[in-house]
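Protein chains in written order, with the numbering used here: chain A, 1 to 654; chain B, 1 to 654.
Number of protein chains: 2
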Amino acid sequence: WIFRVPTPLRYFTHLTLFLVILGVLSAAVIFLVDLSVHVLEVFRIWISSDNFGGYFVGFIFYFLTALILCLLSTFACQALGKEAEGSGIPQMKSILSGFYDRSKNALKLRVLGAKSLGLICAIGGGLPVGWEGPNVHIACIISHQLSRLPFFRFIRRDKSLRLQMIGAACAVGLASSFGAPVGGVLYSLETTASFYIVRTFWKATAATVSGALIYKLLYDTPLVEAFQKTSFDVGVVDPTELVLFALLGILMGCAGSLFVFCVHQVYRIRMKKLPLTNRYILVGIVASVAAILQYPVELFRLDPRMAINELFSPETLRVLNPLQVFLLLVVKFPLVVVSVGLPIPAGVFVPSFLLGSCFGRLYGELLKLIFGDIIVPGGYAVVAAASFTTGVTRALSCAVIIFEVTGQLRHLVPTLVAVLFAFVTGNIFNRSLYDTLIIMKNIPYMPYMRKDRTPDMKVSQVMIRECISVQEYSNAGMLQEILQAYPEFSCFPVVNKDGYLLGAVKRRTLLTLVATQSQQSSMISKVDVDYGDNEEFPASSGNMAYDEEEEEEEDSVHSIENSSTVSSNRNHSQWKTKNTNGGHNYLPESSLSHMEVPKDVSPLLVTEDTQLGRVHFLFVMLMPKCAYVVNGGKLTGVVTRLDIVECGQSSSTS
Amino acid sequence: WIFRVPTPLRYFTHLTLFLVILGVLSAAVIFLVDLSVHVLEVFRIWISSDNFGGYFVGFIFYFLTALILCLLSTFACQALGKEAEGSGIPQMKSILSGFYDRSKNALKLRVLGAKSLGLICAIGGGLPVGWEGPNVHIACIISHQLSRLPFFRFIRRDKSLRLQMIGAACAVGLASSFGAPVGGVLYSLETTASFYIVRTFWKATAATVSGALIYKLLYDTPLVEAFQKTSFDVGVVDPTELVLFALLGILMGCAGSLFVFCVHQVYRIRMKKLPLTNRYILVGIVASVAAILQYPVELFRLDPRMAINELFSPETLRVLNPLQVFLLLVVKFPLVVVSVGLPIPAGVFVPSFLLGSCFGRLYGELLKLIFGDIIVPGGYAVVAAASFTTGVTRALSCAVIIFEVTGQLRHLVPTLVAVLFAFVTGNIFNRSLYDTLIIMKNIPYMPYMRKDRTPDMKVSQVMIRECISVQEYSNAGMLQEILQAYPEFSCFPVVNKDGYLLGAVKRRTLLTLVATQSQQSSMISKVDVDYGDNEEFPASSGNMAYDEEEEEEEDSVHSIENSSTVSSNRNHSQWKTKNTNGGHNYLPESSLSHMEVPKDVSPLLVTEDTQLGRVHFLFVMLMPKCAYVVNGGKLTGVVTRLDIVECGQSSSTS
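Right, here's the structure in full:
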């Protein structure tokens, strides 16, 4: 930029540039992953064909490549980053619900490597897992890594914008998996736990449209088997058929929640009975079983999109017969259930589409036998694919995704009806798969709770009564001591000598203060602190952030093991242990003069009588790390984010 | 309900029932309005045909009926409720941004009458106004009135749920205007100012799908001219054509913002030069001009949907020729600009579709002359209709609405690209039409502001320093006095004798307390107050509400004039006037014993140093009426919602 553009316009152009790069880059990476999977698949088909000997030799090759690839996938995750295991959507939900600090390890560059490599090997190795969850994860990592570039630093600095970009990246990930820009945006809305920032909407759309353009460009090439557009008659769906579609929706809701139940049970049994099983043995067994079961019918081995295209077709089935469709359903259902919980990258949308369309096709064929040619079984396959996926993920946006995948709006109303019924039916039985995974894997998450679900408790029952604080007038020695004793606190409350809360101060400000005072040692002076160093983008200073410090993330590979395991409970335990020793009165010891501590943070205040449900709401909305408890103006304690989550969890399980 | 269902399920079934009734009822009312318009239209075509004499006699009849109907429309609004004037979407935006109390007059039943009657007469009278804004308003009124039924009282009681239902109603209103369930839901998301409650999503979808079912049922009858599905070839749009579509988007963005600019200027000039013009004269003049301009070409007189269907068709134009299309554009553009600001119900979507498709068709025909038969001008009309509407409303959901209207996804990517360009281009020039109308008409509204746009001020600069408070230990006399002096306050802060803030108390609790104490006069007792009377639906007590009082709305027709004009500034001025006299020390005067005042509300606290941008954020997120300012624990003042809005406005205009 040679000439200076006015700041708002510059902000806007930078942002747009970021979104376009995000969309294009994500779509390209996602396509590359898909292409690699396809190459592996072609290679395995070729190696297991009759060229090298009979049926049995082919099977041996097929089996061995499956085993090797799946173990490689496991290895990639273990070596490069365990955060790459699973779908990735649960972690993104955690980040979007305000646990950025706790889940940000999942956004490291090495996780991108693990995820894409693991995904290629897992799908290439024949495990029936989907790629859209991992793709969402990949897009989010790309977004995060892009925002670390100096050019886009304004995004990193603004907590709200950072979250919006994660949201936009979720949309891109899904949109670029299916070429579904609108569905992707809607899905990212539903991924958000409680409150969607409306300004994310155009950003997500801009990014997904960029992604969709690249998707169109790349998938129009005959390199990869893509979803085909359907070609149903344009005729109107008869209103009486709606009853059949609604019934299908209810069935799919039940099936979806059965799926979630099975995944949960399998995981629970594994954790209970086989807690020490080596991950390689686990993946190896599943890969072997999958290879044995999938080898006999060629279509089972191939890209699920081929089967889905066949099932969606308005004509009669050509490659498959109804028995094979039934077999596909019976074989794939347990395989998918087991695969989703494995320590490899594993999505659930595409297998859900497959299972749903199998079920729907069978349902449609059955209806065709009863009612005759009015029924188009392919239409039922489309509707069932959407509603089974909704039954599993509880995302209504599946309906929109399926329209964009099939390119036809003929089944608009039937699909919406079926999806709604599936959503409602599923919710009667259990939570969505992602919420189940979040609970299973202990991912920090703060959902929006209905008030009747929160326990009828007051803040005084959960707060930590000892609270570290800084005196209004302190000298450098006292401040130094506190700063050293609590290196993990980014913000301290400031009280006067009687314990009344005056405000709060950032760690950074205190550090500057101490440094300044040790220079001009024995002179009483009100120190002029530089309150912010981000003049270039005034918009950036954390609209959303209640405590707006931005930590520079350490990216050293060595500290991973520590930070990912310890940090999960560090903050919290230290509140409890250190504080009981420390107390909150640091009496003057040094001979340095006292000076007034600036109060540059406005802390979140609650009273001891405040109901916990209300505090929960505050934490959901404002996403602070902690809130100070005051009683008649005096600082009496602190409530952290984790206290609230734990309290909510203990109440919901009991 | 004979047998008792468990509460959560009952809550859920009641809610679903509400949503279905809302969808069905709204769609039915909206269809009835449409049908009435159609009947009027047929009648006027018949009366102005050659049956009764020549061309001139027909014109006289046409002219007179136009004048009468438009004046009737004005009369309906003036007599039944001025809130029915205009689109209605600005008021809904105001309510969704937290100004329920200030804009709830727009949700009265008589406004429903005014709106539907006014709309029928206005469109029937030939004014080129749309019906989707009024339909949104109608659906919101239906939602509000439904929630007043005893059976659905739990919705009224829960501030969050109430807002969610308004959101769902917005979706229904739009969805039932166009048979676009997904577009309606998306539009209601974009109508929300800042934060969309994700749980609204399925509710809105459930309601819109119910509405869409009724829409399909009713519009399949040949009673009313409806939007026709398009029948473009399924073939892929050439990527190089995208450049042309993007250019079209930019043009439409400019045209849309020109439209908004014109509407604003016309309104400003009217207010400045002709402030006292009688509304009937105004409407009469516009109606006359419209009648004169629209009479010569028959298609101009008819339902705009006929012209739109013609312009969207993939074949060459049959009824219209390009010159007529140009004429349509030139005649309708200024007419629509003027009509939108008139004191009648007036939407803007449908005229925008018409203007956009005219422009797009011309653009397409021109391109066809240049590039030959590759170009399908109808496709450009579709894309331009969406992107011009986006240029006017700045709602990306117009793209989805147009897909659902045309029933084809062929132009998915081109439309999204064009719509994004129109959105961005429009935003460079000015605000959306609705935001402009909000400012023009002084509707209270709290948008989400970027931090760099808020003034760099502290709370201490805007707060009202005198703040009414209740002493921790008070007797009935003191409480009575405060309650009588400030009848409009629903919540009072409680301080101890040194002025330290302890909490806050609801008006209702104080009333109970006073009543109880006057019974057992001279006995010192801690009164056991009934903290809530809504045991039936524990979920209902205001998740969203920071101050959770629910006022029973007075619906008397007599109090309208007062409440709508006075209440707009009542709260605010009284803080300022009464308080300076009153001060905050109510010394004990009565001989009654003192008792402890319960603190059943946890107030929103800020410190004097808190930056205004931050307080703005709190108000946007938590939607309280006021926040108390504390300094070192002492209550020193109060900030109201209006202080923040005024401060933001004064800074944005300067």
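For glycine and all other residues, C-beta sits at the position ideal for the given N, C-alpha and C.
- The count of Cβ pairs closer than 8 Å, one atom from the stretch 117-129 of chain B and one from the stretch 278-292 of chain B, reaches three, so the stretches are in contact.
- Scanning chain B for C-beta atoms nearer than 8 Å to the C-beta of Arg614(A) yields Ser602, reported in chain order.
- At least one CB atom of chain B sits nearer than 8 Å to the CB of Leu605(A).
- Restricting attention to Gly253(B), Pro322(B), Leu342(B), the CA atom closest to the CA of Met271(B) is found in Leu342(B).
- In chain order, Met306, Ala307, Val319, Leu320 place their CB closer than 7 Å to the CB of Leu299(A), counting only its own chain and leaving out the 5 sequence neighbours on each side.
- In the three-state reduction of the DSSP assignment, Val129(B) falls in the coil class, being assigned neither a helical nor a strand state.
- If you draw a straight line from the Cα of Val470(A) to the Cα of Thr607(A), it is about 20 Å long.
- Around the beta-carbon of Tyr62(A), 16 or more other beta-carbon atoms lie within 10 Å, marking it buried.
- Ranked by Cα distance from Gln145(A), the options Ala122(A), Thr65(A), Phe18(A), Leu251(A) are led by Phe18(A).
- One Cα belongs to Gln484(B), the other to Lys506(B), and the distance between them is close to 14 Å.
- Remark: C-beta atoms of Ala346(A) and Ser387(A) do not approach each other more closely than 8 Å.
- Inclusion of Val33(A) and Ser116(A) in the CB contact set at 8 Å is warranted, their separation being smaller than that value.
- According to the DSSP assignment, Tyr196(B) belongs to the beta strand (DSSP E) that extends over 195-197.
- Residues of the stretch 202-219 of chain B with a C-beta less than 7 Å from any C-beta of chain A: Trp202, Thr205, Ala206, Val209, Ala212, Leu213, Lys216, Leu217, listed in chain order.
- Phe492(B) is bridged by DSSP to Val505(B).
- Between the beta-carbon of Val266(A) and that of Val338(A) there is about 6 Å, and that keeps the pair under the 8 Å contact cut.
- Excluding residues up to 5 positions away in sequence, Ser147 lie with their Cβ nearer than 6 Å to the Cβ of Arg156(B) in the same chain.
- DSSP places Cys626(A) outside any alpha helix (DSSP H); the residue lies instead in the beta strand (DSSP E), whose first and last residues are 626-631.
- Taking C-alpha positions only, Ala66(B) is separated from Tyr295(B) by approximately 11 Å.
- Distance check between Gly378(A) and each of Val325(A), Ile123(A), Leu258(A) places Val325(A) closest, using alpha-carbon atoms only.
- When C-beta distances to chain B are compared with 8 Å, the residues of the stretch 15-27 of chain A below that value are Thr16, in chain order.
- Sorting Val645(B), Pro181(B), Tyr363(B) by C-alpha distance to the C-alpha of Leu416(A) places Pro181(B) at the top.
- Two segments are said to touch when three or more pairs of C-beta atoms, one from each, lie closer than 8 Å; by this definition the stretch 608-628 of chain A touches the stretch 192-206 of chain A.
- Taking Phe371(B) as reference, the option from Asp238(B), Asp435(B), Arg465(B) with the minimal CA-CA separation is Asp238(B).
- Contact between Gly256(B) and Gly364(B) does not hold, since the beta-carbon distance rounds to 18 Å and is not under 8 Å.
- At least 8 Å separates the CB of Asn309(A) from every CB of chain B.
- No Cβ of chain A is located within less than 8 Å of the beta carbon of Asp435(B).
- Any Cβ of chain B closer than 8 Å to the Cβ of Asp609(A) would place that residue at the interface, and such an atom is present.
- With three or more CB-CB distances shorter than 8 Å, the stretch 623-639 of chain A counts as touching the stretch 625-641 of chain B.
- Contact of Asn135(A) with chain B is not assigned, every C-beta pair being separated by 8 Å or more.
- Closest by C-alpha distance to Gln461(A), out of Ala381(A), Gly613(A), Ser177(A), Gly499(A), is Gly613(A).
- Proximity of chain A to Glu466(B) at the Cβ level (cut-off 8 Å) is not reached, the minimal Cβ distance being about 19 Å.
- Three or more beta-carbon pairs drawn from the stretch 77-95 of chain A and the stretch 103-115 of chain A are found closer than 8 Å, and the two stretches are therefore classed as touching.
- At least 8 Å separates the beta-carbon of Ala384(A) from that of Gly407(A).
- Taking a contact to require three or more Cβ pairs closer than 8 Å, the stretch 497-505 of chain B and the stretch 592-601 of chain B qualify as touching.
- Here Val136(B) has Gly88, Ile89, Met92, Cys170, Gly173, Leu174 as same chain residues with Cβ atoms under 7 Å from its own Cβ, once five neighbours each way along the sequence are excluded.
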